[in-house]
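Asker: At position 182 of the sequence shown (counting the first as 1) the number is 182 in UniProt numbering, and the numbers step up by one without a gap.
Where a beta carbon is used, it is the ideal one built from N, C-alpha and C, also for glycine.
All figures in this text were calculated on a predicted structure; none of them were measured in a lab.
Below are the structure tokens for one structure; questions will follow.
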Amino acid sequence: MLWSIGWLPAVHCAEIVRVETVQSLSRSVLGSTVIPYKEVTLSAQIPGAVKFVAGEAGSGFRQGDVIIQIDESQLMAKRNAILAQISIAQASVRNSQAQYTRELVSPRSKDIGAMPGFGLPAMFDMNMVQPFANSMMGNYDSDMGRYGDLMSSATGVSQAQSNLQQAMSQLQEIDAALRDAKSVAPFEGIVLEKMVEVGDTVQPGQPLIKYGYVKYKRLQADVPSGLVSNLSVGMIVPAKIDSDATTMVKITQIYPVADPSRHTVTVKFDLPVDAVAAPGMYAEVYLPESRQGDAKVVVIPETALLRGRSLPSVLVVTNNNTSELRLVRLGAEQEDGKVEVVSGLSDDERVIDNPPSTASSGWMPHAE
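See below:
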């Protein structure tokens, strides 16, 4: 028998079904932000005026390309001065080494030409007086005089070499500062934000640009600490970017510590390569409220709900083979056209599926 009113379903479509229990799909919706796969902030390392900026926000660069350069005129002047000091230090080293070699080959303490008169007084002193003093008086050693002269020459060599090394170290310091005058791309990417213009005066530590690798993108969300235990690296969860179609994202990083003021943990999710998103966009991620297998919920077909009612209700089949109208509280939508029932039903009960909207307590489906 069919109902004569066309918008009412046929009686034979209604059937009695048993309430099911399935794994809970209750999820929490959290706001998140699209971020680059990698992001760095390039800061000034030396003071000076910006003399070159390669591009605007969105400009792409390869690894090693110069993006910003600071005026290095003062550094070049210092470098030239240090090069002059190095030349002087090198000449001093050569001179001190020559004096040391001369002392080794021809000691000044035994130079017979040190006195006038063809060296006769010096020869007499070297051959007669010094041997007599060494043997008889016992308080003079001419070799000690030579040793003192050698040590003096060797000290001169060491000091000259130290002065040269100091000048070379200053040159290395200036060269490092000259390299720091250029901000280069650490990897392939784009300029996310430009913070200076040509002519700006900057100080060490001042941010110049934000630079990122955006071929791959991520989501970053602050997850309440109570939900973090339900997550693991590698888990796939659904997400929406700017309320568009749902996409699936992969958990790639869970920070090991929580924010002590907000009691949240930062979690990062990898987006698919083909996802249409730009850094800074708003996104929503759907995280499970319980671990897999931890909770079971009661579900019924959505078609078991009576249509046209202000409150969700179903017809429950009693032990007397009749039905009673019962209000239920609904939860999250499940797979295969089913809905979670938070309260009002238990897993050992039966309900009528596809009842007519006019059905009430006592109505039962009848076979044709």
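Leaving out five residues on either side along the sequence, give the residues of the same chain with a beta carbon under 7 Å from the beta carbon of residue 330.
Answerer: The answer, listed in chain order, is 312, 339, 340, 341, 342.
Asker: State yes or no: is the C-beta of residue 317 within less than 8 Å of the C-beta of residue 16?
Answerer: yes
Asker: From which residue to which residue does the beta strand (DSSP E) around residue 211 run?
Answerer: Per DSSP, residue 211 belongs to the beta strand (DSSP E) from 207 to 224.
Asker: If you measure between the beta carbons of residue 192 and residue 212, is that distance less than 8 Å?
Answerer: The beta carbons of residue 192 and residue 212 sit closer together than 8 Å.
Asker: Across which residues does DSSP place residue 343 in a beta bridge pair?
Answerer: Residue pairing of residue 343 in beta bridges, as defined by DSSP: 329.
Asker: May I ask you to verify whether the stretch 49 to 60 touches the stretch 234 to 245, counting CB pairs closer than 8 Å and requiring at least 3?
Answerer: no
Asker: My output table needs one value for residue 156: the three-state DSSP class, helix, strand or coil.
Answerer: Shown here, residue 156 sits in a helix according to DSSP, grouped into three states.
Asker: Does residue 368 come out as helix, strand or coil in the three-state DSSP assignment?
Answerer: Model confidence at residue 368 stands at a pLDDT of 39, short of 50, so the residue's coordinates are unreliable; what they give is reported in the following sentence. Note: residue 368 maps to coil in three-state DSSP.
Asker: Check whether the stretch 206 to 226 touches the stretch 260 to 271, counting contact only when three or more Cβ pairs, one atom from each stretch, lie closer than 8 Å.
Answerer: yes
Asker: Put residue 179 into one of helix, strand or coil per three-state DSSP.
Answerer: helix
Asker: Have a look at 301, 286, 42 and flag the residue whose alpha-carbon is nearest the alpha-carbon of residue 246.
Answerer: Nearest in C-alpha terms to residue 246, of all of 301, 286, 42, is 286.
Asker: To the nearest angstrom, how far is the alpha carbon of residue 106 from that of residue 149?
Answerer: 11 Å
Asker: From residue 31 to residue 275, what does the alpha carbon distance come to, in whole angstroms?
Answerer: 17 Å
Asker: Go through its chain and collect everything with a Cβ distance to residue 164's Cβ below 8 Å, but skip five positions before and after it.
Answerer: 86, 89, 90, 92, 93
Asker: Anyone know if the C-beta pair for residue 185 and residue 67 falls short of 8 Å?
Answerer: yes
Asker: Assuming residue 180 contacts residue 50 under a Cβ cut-off of 8 Å, what Cβ separation, rounded to an integer in Å, is found between them?
Answerer: Actually they do not touch by this definition, with Cβ atoms about 14 Å apart.
Asker: Which residue spans inside the stretch 50 to 107 form an unbroken beta strand (DSSP E) run of at least 3?
Answerer: 66 to 70
Asker: Let me know the alpha helix (DSSP H) ranges lying completely inside the stretch 223 to 278, each 4 residues or longer, listed in chain order.
Answerer: 225 to 228
Asker: Could you pull out every residue in the same chain whose Cβ sits closer than 7 Å to the Cβ of residue 302, ignoring the five residues on either side in sequence?
Answerer: So the list reads 337, 338, 339, once near-sequence residues are dropped.
Asker: Taking the Cβ atom as the reference point for each residue, do residue 41 and residue 207 lie within a distance shorter than 8 Å?
Answerer: yes
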